[in-house]
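In my numbering, the protein residues as written are 95 to 562.
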Ligand code: ARG
């Protein structure tokens, strides 16, 4: 059925004397992966058939038969009962061939005023649109998990780091809210990409439009697209929406990898800032004591392949002449891979954050080293003693050196010894040397003071539509 007696394609074999070689089939077939697009392909065909009937290009009876057949095929594929064939190359020809078995001649009219070129471009856009909506929901869940932990720990002190050296006291909630903001921008990038994804290539036909009186506005609106793409050649040749989708995925995966790396660091014995749950750690086959943060490590690694996916498609497109070339069949695997791995990373991260237990004592202990209040000491000299900031920085540095010499924290250096270094210092300074005071004092907009962190949490809740 699918092949003529000489192995020729029943779909395009008319001008051929023989069939393709096995190798030709191997390099050409995309059915092993593009079967993922079956729902989109069927939705596109149903919209196309409706439009062909409404414009009088095919009969209503043919349209009804096509819809009936396509519904049955969708059921067969969903139930795993559909026999996909390599010989039929791709999802489009697999479905059309089965449709002909089911409804005969009506199926052979479906491809009027259409090409696989606009068909596949439509399918991938419909697919990306659905995935963007799922990614957005998953990112909102992750934001919610982070926000819940941030709420609990709005006032839990920990060291903030620069260069991974203790810098200034912050709160754990403050640190986590940084990621809520990054993920908010990631959602924004996907939402922005969705606008360009959501335009319909259907009816562009092979590259130049068609002489049939089709209605591209109707098919666009039946499929929920915002509009038909303006130029048929652009519609079949462009894959920048897919590039953008993977660029948004790469950025998001990169954000997740930074959080993953912090989780790895925080969960080491040296830091012990957090404990991961058994559900997101693994043991060692040789070292019985081990509790490894494998999920975090894998999330840390995911940008590698997602960036690779992005570069793969950019490289395929670079220098590719218009209009369609089979090169573009290579868009699908990277797009699928990027989506699947990003979703895994987001959901695994959400599980880790949900389950993670903070250890405020260890965070507080880490603040005893590294003099995190040194900036506050300098700020005090500016505010209360009238020193220029550079002079204050210098004096504070000298007091830090003294504390190191004595092997103690800044707050333990006797006031008289501080005053010997900077005579303008007043005794009130002792109050700002506590890490609690230092964190409380940073109430500038976006700062780490617990009340300001609570404001950030409230703003994020309403701005990102989060429900906890
Ligand atoms: N499987 C093809 C793809 O994914 C469908 C389009 C084929 N078009 C063509 N002119 N051979 O790109």
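All C-beta atoms in this analysis are idealised placements derived from N, C-alpha and C, irrespective of residue type, glycine included.
- Counted as a single uninterrupted DSSP element, the alpha helix (DSSP H) harbouring residue 268 occupies residues 266 to 291.
- Burial check for residue 349: the Cβ neighbour count within 10 Å reaches 16 or more, so the residue is buried.
- Contact check for residue 533 against residue 263 passes: the beta carbons are separated by less than 8 Å.
- Counting only runs of 4 or more residues that sit fully inside the stretch 385 to 413, the alpha helix (DSSP H) segments are 388 to 411, in chain order.
- Here the distance from the Cβ of residue 124 to the nearest heavy atom of the ligand ARG is below 7 Å.
- The three-state reading of DSSP puts residue 253 in strand, counting E and B together.
- Residue 445 holds the alpha-carbon nearest to the alpha-carbon of residue 372 among 445, 429, 109.
- Per DSSP, reduced to three states, the secondary structure at residue 517 is coil, with no helix or strand assignment.
- Residue 335 is positioned such that its CB atom lies no closer than 8 Å to that of residue 322.
- Per DSSP, reduced to three states, the secondary structure at residue 451 is strand.
- The DSSP-derived three-state label of residue 295 is coil.
- In the displayed model, residue 507 falls within coil according to three-state DSSP, outside both helix and strand.
- Assignment of residue 376 by DSSP, reduced to helix, strand and coil, places it in the strand class.
- By DSSP's assignment, residue 482 forms no beta bridge with any residue.
- With distances taken between CA atoms, residue 347 lies nearest to 442 out of 455, 442, 110.
- Under DSSP, the beta-bridge partners assigned to residue 263 are 253.
- Measuring C-alpha to C-alpha distances from residue 342 to each of 225, 255, 305 identifies 225 as the nearest.
- In chain order, 374, 442, 446 place their CB closer than 7 Å to the CB of residue 389, counting only its own chain and leaving out the 5 sequence neighbours on each side.
- The C-alpha of residue 183 lies about 14 Å from the C-alpha of residue 135.
- Excluding its 5 nearest sequence neighbours in each direction, residue 460 has C-beta neighbours in its own chain below 6 Å: 253, listed in chain order.
- The Cβ atoms of residue 338 and residue 290 lie closer than 8 Å to each other.
- Excluding the 5 residues flanking it on each side, residue 435 has same chain C-beta neighbours closer than 7 Å at 396, 399, 400, in chain order.
- Taking the Cβ of residue 422 as the reference point, at least one heavy atom of the ligand ARG falls within a distance shorter than 7 Å.
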